[in-house]
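Only one structure is covered here, and it is reproduced in the block below.
Residue numbers (our numbering), protein chains in the order written: chain A, 1 to 298; chain B, 299 to 562.
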């Protein structure tokens with residue numbers, strides 16, 4: 001030691017640290033402390049999500065036009081397969097089915113891409129996690145925020161499709177923001193859970209596409225669950241309808257489409273939507289925070 | 299020379315800023331298992347339920363203890379792979395300790411912002427993004443923006459700051475990264491081989507900036523393979539070899555031993 005002798009010599013490290021108010025480096029902060037740290041980083045979270053969104057299409061000739069063109073092409077493909085070839089529109093007129101389908105695809109894609117981004121939020125950004133200090137939840141939150149902004153572009157397409165098939169703006173369109181807010185909460189919670197799982201097991205990135213596709217087909221993205229399952233026991237349809245993805249899709253369709261009335265919604269739909277959002281968001285946040293000090297290892 | 303560097307800090311040398319207590323760091327690497335790496339062997343490992351079987355451990359830092367005090371500039375030397383960068387990351391709280399503890403005064407920061415920057419964005423947006431990633435506020439970044447750009451010298455040859463970073467030459471990009479990273483004030487600052495950046499003119503400028511940062515920071519850690527830059531900036535040196543602390547003392551003594559060791 002080069003330091004000249006001092007009264008502190010011989011003091012055990014822990015006591016020396018306590019004497020001068022030093023804290024353990026990289027220790028996990030308390031839950032409320034963590035929330036306020038995260039809030040302090042809100043500008044970074046927003047800037048990071050916008051940067052990711054812009055960087056996505058910056059090499060393309062059409063540039064940011066792809067933000068709108070990609071969902072439009074997506075909707076066209078599904079319309080071609082399920083609307084024209086498979087005719088999955090049983091029990092619905094074309095004026096209802098096309099917006100029904102496009103809404104389903106966009107709303108589900110929002111959850112799907114949040115989950116996929118969540119899996120890679122930590123494991124795909126180890127460089128960042130190992131170089132800079134910030135609450136790690138910033139990353140999954142930022143990624144689901146990116147997906148939210150992506151969805152807002154898709155909403156432009158969705159409005160055009162709805163109007164094109166005779167659903168004009170009306171009072172119930174005011175329900176769209178609260179539905180989006182609840183779904184965003186739900187997605188963020190899910191992304192936080194997936195981020196922790198994915199940081200430990202990066203293999204999930206390979207597995208999740210199959211899980212998500214199963215979920216998509218089970219949630220009635222391209223067909224009406226009650227109509228499709230009317231010959232089966234009622235509880236199967238109930239379970240499928242109460243799953244969060246189906247809930248948010250149905251609420252969005254109810255808000256947007258003229259001929260899609262409340263008879264298509266399960267009972268207590270708003271309570272279920274809010275319940276899922278709060279449960280998953282709060283649970284996911286706590287679950288992610290519990291491993292805060294371990295992200296970035298190996 | 300050493301006295302000169304300590305001038306004005308004499309009464310504060312007893313205040314510790316970083317205490318490492320028997321610190322061990324272990325990396326876990328997936329899929330780097332020696333021997334059979336086939337799919338069937340991976341499957342059988344999973345079925346047998348051995349959680350750590352597919353994982354190889356690298357014991358990068360083994361029981362390092364030291365205490366640094368306010369006003370010190372500490373060099374870290376050692377051959378490649380001796381655990382210098384790992385030790386810095388552990389002090390910064392970025393790598394969790396396997397055993398032992400690191401106590402720090404405030405939040406030590408690593409001079410490194412590279413990972414937050416995106417090549418597809420303009421230099422301008424990267425300055426803002428990098429600043430936010432280091433925890434600066436929007437106002438602080440706005441106040442320092444012009445300094446960062448001027449320091450990097452990016453705009454000396456035309457309006458490059460509004461172009462995407464992927465269009466920069468590697469030297470230009472490195473200069474911008476250093477300028478962003480060096481824009482923030484720190485309590486405990488750690489610099490990992492940052493001096494070898496850019497052309498000679500820029501190197502001079504960055505050395506001056508590091509001396510300035512040292513004055514503002516409580517303690518500076520510097521990792522370098524350049525013994526001269528360690529001699530110029532540090533008054534104490536930690537010598538790591540194979541993850542163990544081999545020597546800890548005044549710069550001249552340790553570097554002399556180190557040169558004897560490497561010269562063999």
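Cβ atoms here follow ideal geometry from the backbone N, Cα and C, with glycine treated the same way.
Quick caveat: nothing in here was measured; it's all calculated off a predicted structure.
query, result
"Listed by chain order, chain A residues near residue 389 of chain B by CB distance under 7 Å", "25"
"Expected contact under 8 Å - CB spacing of residue 406 of chain B and residue 395 of chain B to nearest Å", "At roughly 14 Å, the Cβ-Cβ gap does not stay under 8 Å, so residue 406 of chain B and residue 395 of chain B are not in contact."
"Residue-chain proximity (residue 466 of chain B, chain A), Cβ-Cβ < 7 Å", "no"
"Cα-Cα separation between residue 333 of chain B and residue 381 of chain B, rounded to whole angstroms", "Interpretation of residue 333 of chain B is limited by its pLDDT of 48, a score under 50 that renders its predicted location unreliable; the figure taken from the coordinates is listed afterwards. Distance between the alpha carbons of residue 333 of chain B and residue 381 of chain B: 26 Å."
"Nearest candidate by alpha-carbon position, reference residue 187 of chain A, set A/146, A/227, A/210, A/165", "A/146"
"Between the CA atoms of residue 287 of chain A and residue 126 of chain A - distance to the nearest angstrom", "19 Å"
"Amino acids of chain C, ordered along the chain, whose beta-carbon sits closer than 9 Å to that of residue 14 of chain A", "Reference to chain C is not applicable here, since the protein chains of this structure are A and B."
"Chain A within 7 Å of residue 441 of chain B, Cβ atoms only", "no"
"Residue-level contact to chain A via CB, residue 470 of chain B, 7 Å cutoff", "no"
"Straight-line gap, residue 435 of chain B to residue 367 of chain B (C-alpha atoms, nearest Å)", "29 Å"
"Proximal residues, the region 420-451 of chain B versus chain A, C-beta separation under 8 Å", "423, 426, 427, 430, 431, 432, 433, 435, 436"
"Environment of residue 185 of chain A [buried if 16+ CB atoms lie within 10 Å]", "buried"
"Beta-carbon proximity check, residue 179 of chain A vs residue 86 of chain A, cutoff 7 Å", "no"
"Own chain residues within Cβ distance below 6 Å of residue 28 of chain A, not counting five before or after", "292, 293"
"Which listed residue (A/20, A/142, A/103) has its alpha carbon closest to that of residue 41 of chain A", "A/142"
"Same chain, Cβ closer than 6 Å to residue 148 of chain A, neighbours up to 5 away in sequence not counted", "184"
"Buried versus exposed, by CB contacts within 10 Å (16 or more), residue 163 of chain A", "exposed"
"Span separating the alpha-carbon of residue 49 of chain A from that of residue 544 of chain B", "45 Å"
"Separation of residue 483 of chain B from residue 132 of chain A, as counted between CA atoms", "14 Å"
"Any chain B beta carbon closer than 7 Å to residue 38 of chain A", "no"
"CA-to-CA distance, residue 118 of chain A to residue 93 of chain A, given in whole angstroms", "37 Å"
"Contact with chain A by residue 416 of chain B, beta-carbon distance below 7 Å", "yes"
"Below-7 Å beta-carbon distance, residue 408 of chain B vs any chain A residue", "yes"
"Three-state secondary structure (DSSP) of residue 401 of chain B", "strand"
"Outcome for residue 349 of chain B when other beta-carbon atoms lying within 10 angstroms are tallied against a minimum of 16", "Per-residue confidence for residue 349 of chain B stands at a pLDDT of 49, beneath the threshold of 50, marking its modelled position as unreliable; no derived number is given."
"Whether residue 538 of chain B touches residue 546 of chain B by CB criterion (7 Å)", "no"
"Below-7 Å beta-carbon distance, residue 461 of chain B vs any chain A residue", "no"
"is_contact[residue 392 of chain B, chain A] using C-beta, thresh 7 Å", "yes"
"Listed by chain order, chain A residues near residue 313 of chain B by CB distance under 9 Å", "20"
"Cβ-Cβ separation, residue 115 of chain A to residue 194 of chain A (assumed contact under 8 Å), whole Å", "5 Å"
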